[in-house]
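Asks: Got a structure for you, written out below as structure tokens; questions coming shortly.
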Amino acid sequence: MGNDNVLFLFVDEDKGNPGTVEVSSIIIFSGLRPKGSSVDIDPLSTTFALNSLGININNSLLKADNLRQGAQYARDIAKKESNIDIRSVVIINSDTLKELVDVVDYVHVDFNQQITILGEEKDIRAKGDVTGIMAKEIVQGKSFPIVDPDIIQDIPETSLWRLKSKTIGEISLNMLDLAKYDRSTKKDISHEILRLYRQDKIEVYNKNMTLILIDFLPEFFGRVIMDFAVSIIS
């Protein structure tokens, strides 16, 4: 809730504790609304200093002693790769993303993307309605249900990170565009975000003052703050 550049890390919690990053996307907010497309960061990106420790975004959480340190590693790497000054880091696992999408039933995604493999460009079209369980499976790398399977069947998994990042980025952007929902749905999704945040199912590092207030105030006041933010978006 603010005009910030936020790094979203989507985590497959089944791959170790606290889990490994499956998707890394930077989303820029302006006036409490997502601005433009997400910026995708290669999960294997790293810095010179962290490379000597064998740390890249893909394993930064797993290699770190705790989530906070892993989030800082990922933030440093993403800032270097994107040249964007990132304020906050948000960590969401596949189950949490599923719960968020379930609130709105599905999120529509429609984009074209080119992936270069061994010098050859492949055109990929992703279009369809993504349900919560579909979003979870995309983060876990189990399926790409809105992409023609014949087009990607010969693409190695190591080359699919960009498609995965783009897909999850578009799901997140469309889901967070609260202005398109009716008043009741806006309230439902903002309250679900608050519930998941207060249950530590959405981890945020380098919080702004609004989130710090929500941490300390009773849940009722948190809902008032969320409702106020949604009214501004409207």
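1113 is the number of the first residue of the sequence shown in my numbering; add one for each residue after it. Cβ atoms here follow ideal geometry from the backbone N, Cα and C, with glycine treated the same way.
Between the Cα of residue 1312 and those of 1179, 1297, 1322 and 1278, spot the shortest distance and give me the residue it belongs to.
Replies: Answer by Cα proximity: 1179.
Asks: Suppose the cutoff is 6 Å on Cβ atoms and the five residues either side in sequence are ignored; what does the same chain contact list for residue 1191 look like?
Replies: Within the same chain, residue 1191 has close Cβ partners 1198.
Asks: Pick out whichever of 1120, 1240 and 1129 has its Cα sitting closest to the Cα of residue 1177.
Replies: Among 1120, 1240 and 1129, the Cα nearest to that of residue 1177 is on 1129.
Asks: Could you check where the beta strand (DSSP E) with residue 1276 kicks off and where it finishes?
Replies: Run containing residue 1276: none in the beta strand (DSSP E); it sits in the alpha helix (DSSP H), 1273-1288.
Asks: Are three or more beta carbon pairs between the region 1301-1309 and the region 1148-1166 nearer than 8 Å?
Replies: In short, these stretches do not touch, since the Cβ pair count stays below three.
Asks: To the nearest whole angstrom, what separates the beta carbons of residue 1252 and residue 1206, a pair I think is in contact under 8 Å?
Replies: The pair is a contact, with the Cβ atoms about 5 Å apart (cut-off 8 Å).
Asks: Between the beta-carbon of residue 1150 and the beta-carbon of residue 1275, is there less than 8 Å?
Replies: No, these two residues do not count as a Cβ contact at 8 Å.
Asks: What are the residues that DSSP puts in a beta bridge with residue 1240?
Replies: Answer is 1221.
Asks: Hey, out of 1131, 1231 and 1287, whose CA is closest to residue 1146's CA?
Replies: Checked all of 1131, 1231 and 1287; the closest Cα to residue 1146 is 1287.
Asks: Identify whether residue 1168 lies in helix, strand or coil by the three-state DSSP scheme.
Replies: Three-state result, residue 1168: coil.
Asks: So, helix, strand or coil for residue 1322, using DSSP?
Replies: Residue state, collapsed to three classes: helix.
Asks: Identify, in the order they occur along the chain, each residue of the same chain with its Cβ nearer than 7 Å to the Cβ of residue 1280, setting aside the five sequence neighbours on each side.
Replies: So the list reads 1122, 1135, 1137, 1250 and 1251, once near-sequence residues are dropped.
Asks: Just list the residues that DSSP pairs residue 1119 with in beta bridges.
Replies: Beta-bridge pairing links residue 1119 to 1138 and 1201.
Asks: Based on Cα-Cα distance, which residue from 1165, 1220 and 1209 lies nearest to residue 1292?
Replies: Measuring from the Cα of residue 1292, the nearest candidate turns out to be 1220.
Asks: Would you call the region 1241-1249 and the region 1208-1220 touching, i.e. three or more CB-CB distances under 8 Å?
Replies: With a cut-off of 8 Å, the region 1208-1220 and the region 1241-1249 count as touching, because enough Cβ pairs lie within range.
Asks: What residue does the beta strand (DSSP E) around residue 1149 start on, and which one ends it?
Replies: First-last of the beta strand (DSSP E) with residue 1149: 1145-1152.
Asks: Is the beta carbon of residue 1202 sitting closer than 8 Å to the one on residue 1314?
Replies: Closer than 8 Å, so yes.
Asks: Using C-beta distances below 8 Å, list every residue in its chain close to residue 1226, excluding the 5 sequence neighbours before and after it, in chain order.
Replies: 1233, 1234, 1235 and 1236.
Asks: So, under 8 Å CB-CB, residue 1174 and residue 1208 are touching, yes? Tell me the CB distance rounded to an integer number of Å.
Replies: The pair is not a contact, with the Cβ atoms about 18 Å apart (cut-off 8 Å).
Asks: In whole angstroms, give me the CA-to-CA distance for residue 1169 and residue 1238.
Replies: Cα to Cα, residue 1169 sits roughly 25 Å from residue 1238.
Asks: So residue 1342 and residue 1290 are in contact, right, with Cβ under 8 Å, and what is the actual spacing, rounded?
Replies: So it is a contact: roughly 6 Å between Cβ atoms.
Asks: Out of 1163, 1204 and 1258, which has the shortest C-alpha to C-alpha gap to residue 1222?
Replies: Of 1163, 1204 and 1258, the residue nearest in Cα terms is 1258.
Asks: By the DSSP assignment, the beta strand (DSSP E) with residue 1269 in it spans what residues?
Replies: Element bounds for residue 1269: n/a, residue is neither H nor E.
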